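Novice: Can you keep this structure in mind? I'll have questions shortly.
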Amino acid sequence: MNYIPLSEHKKAWIFKRADLPVSEADSSLIKPMTDTRATLLWKESVSKQVDHPDFFRKGDWAFNMDTWTEQGNWEDVWDSDQLTLPEELLEHLQWQDNTVVYYCNDQHNVIETTWAVFKRCWKNFLFMDDGALLMAKKRSEVAQFLANGSYQYGNKPS
């Protein structure tokens, strides 16, 4: 078993907010990984050295400043009536809607969904903004969301 029910996720409340409703169809595609599966993905795709974005260090692609090409502010858009992600992110992350994406909060907390669902529910996901990484399966483009309301994006090294 690779996933737990969304209702059992420790932050399931972020997907049940009345002010940011998530459809049943989208909820069914928001799949928190089991601890074992999340750890495996983290170690294979993020870091073999550390378990949380706060601790990235030399040798982690996310620590390398060459990974990140641009920065911006997600909080201003999040606080507005705008429903879409900041335009710069959409321009950089030109994934197809059915692309599998991973929202990686730490080694034990990874959520899998599709790019279409993430784009519709991004404000919900960003309640978990403590350095979370957004990556897509078999893609090099990445984004990171920081608790100070900023983001950075770029490309993972090959």
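Throughout the sequence shown, residue numbering follows the working numbering, covering 13 to 170 in sequence.
Beta carbons: idealized from backbone N, C-alpha and C, even for Gly.
The structure presented is a predicted model; accordingly, all values stated were derived computationally and were not measured.
Alpha carbon to alpha carbon, how far is Lys28 from Ser35?
Specialist: Distance between the alpha carbons of Lys28 and Ser35 is about 10 Å.
Novice: Taking the alpha-carbon positions, what's the Asn85 to Phe139 distance?
Specialist: About 15 Å.
Novice: CB Glu153 to CB Tyr163, shorter than 9 Å?
Specialist: No; because the gap between Cβ atoms is not below 9 Å, this pair is not in contact.
Novice: Report the three-state DSSP secondary structure of Ile26 (helix, strand or coil).
Specialist: The answer is helix: DSSP assigns Ile26 an H, G or I state.
Novice: Quick check: what's the CA-CA separation for Leu97 versus Met147?
Specialist: For Leu97 and Met147, the distance between alpha carbons rounds to 15 Å.
Novice: Lys149 and Thr111 look like a contact to me (Cβ under 8 Å); what is the Cβ gap, rounded to whole Å?
Specialist: Indeed they touch by this definition, with Cβ atoms about 7 Å apart.
Novice: Opposite Thr125 in the DSSP bridges: which residues?
Specialist: Bridge partners of Thr125: Val113.
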